[in-house]
Amino acid sequence: MSGTVSLVDAHCHVDLLPQWQRVLQSMEMQRQYTFAVTTTPKAWLIERDITQGFHYVRVGVGLHPQVVCDRASELSILERSIPQTRFVGEVGLDGSVAHKGSLNEQTRVLRRVLSVCAEVGDRVLSLHSLRAAGAVLDLVEESRVHEHNTLIFHWFTGSPSELKRALALGALISVNADMLRTERGRACALAAGLQRTLTETDAPFTKAHAATHSPPDVRPALDALAQCHAQDLPIVSQKIEALARGIWQR
Ligand SMILES: [Zn+2]
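Just so we're on the same page, our numbering is the position in the sequence shown counted from 1, plus 120.
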C-alpha cells in the first residue's frame, strides 16, 4: 500500500511466483483485497490451507481453459470444491489458435462449473474469455449463473457489443496495465465505468511481471485507470476498494 491509496488485485496467479506463501501473507498484512486465482483444483487445495483465516486475500478454485485438455479429470474435484469457497477462478474459454482445438472440452467443463455455481449461489467468478467472449456469454445466459453470483470478466478483449451484453448481465470487469495500454482496453474500461471495474495484475502473465516474476504490483494498473477516467487517484482507488470490500467481505 502506498500512502492513502488502497490497492486491489482481482486476478493474479500468486502460486506461480517464487516464495508465493510469503507473497500471500504480505498482501494480507497490507490489507490488499486480492483474488488469487489457481489453474487447477489441486493447486487450490494447497493454497487454501496457507490462507486459512485471511480476510483480504481469497484464493479461487479454478481450472484454466488452457490446461483443460490435460486436467479435465480434475473436474470432479472442482465441482466438490465450489461449495467450500466463495471464489472460483480461473475458469472460462480460450479460443486462441493454440487452444481452440480443445473448445469442446473447455465448453463441457465451463458449462458444468457455471451450473454448480448457479446452484450454490453467492460465488465470485473470475472469467477468462480470450477470443471466446460471445461463447462465454452464451453459457452464462444458459446457466443463469449471473442471477445469484458475481461475475468478473478478467482482461476482457471482446467487442463493444459483447461488453454491453456482459454489463447487461450485471458483470464486472478487471483491468490490468497491459490492457489499459491499448485503445480498445481503455474504451472497455470507460464503457464499463468505475462502478463496474476492478484492477488486476494477472501476474506473472503481464509484461512487467513476466520479466521479473516479482510480487504482483497493481499500482500501474490503478494509475492507468485513473488516467483513463481523468480522475484523481485517491478517488478512483476508494471506489475500487469499496467495490472490492462489498464483494470480499460479504
Ligand atoms: Zn490469469
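Ideal placement from N, C-alpha and C gives every residue a C-beta, glycine not left out.
In the DSSP secondary-structure assignment, residue 246 is bridged to 272. Counting only residues whose CB is nearer than 6 Å to a non-hydrogen atom of ligand 1, the list in chain order is 131, 133, 157, 210, 322, 325. For the set 129, 290, 274, the Cα lying nearest the Cα of residue 305 is the one of 274.
Ranking 238, 284, 215 by CA distance to the CA of residue 250 puts 215 first. Within the DSSP bridge table, the entry for residue 318 names 294 as partners. For residue 293, same chain residues with a beta-carbon under 8 Å away, outside a window of 5 residues either side, are 272, 273, 274, 276, 283, 286, 308, 309, 312, 316, 317, 318 in chain order. Between residue 323 and residue 137, the C-beta gap is smaller than 8 Å, which places the two residues in contact. The distance from the Cβ of residue 289 to that of residue 268 is about 12 Å, inconsistent with a contact at the 8 Å cut-off.
The beta carbons of residue 210 and residue 159 sit about 6 Å from each other, so the pair counts as a contact at 8 Å.
Under the DSSP assignment, residue 329 falls in the alpha helix (DSSP H) whose first and last residues are 327-332.
Residue environment analysis places residue 224 among the exposed positions, since fewer than 16 neighbouring C-beta atoms fall within 10 angstroms of its C-beta.
The C-beta distance from residue 295 to residue 321 rounds to 10 Å, too long to meet the 8 Å contact threshold. About 5 Å separates the CB atoms of residue 229 and residue 188; that is less than 8 Å, so the two are in contact. DSSP places residue 339 in the helix class (H, G or I) of the three-state scheme. About 7 Å separates the Cβ atoms of residue 361 and residue 153, confirming a contact at the 8 Å cut-off. Take the alpha-carbon of residue 299 and the one of residue 185: they are about 20 Å apart. The Cβ-Cβ distance between residue 234 and residue 263 falls below 8 Å. Rounded to whole angstroms, the Cβ separation of residue 204 and residue 213 is 24 Å, and the two are not in contact under 8 Å. DSSP lists 178 as the beta-bridge partner residues of residue 155.
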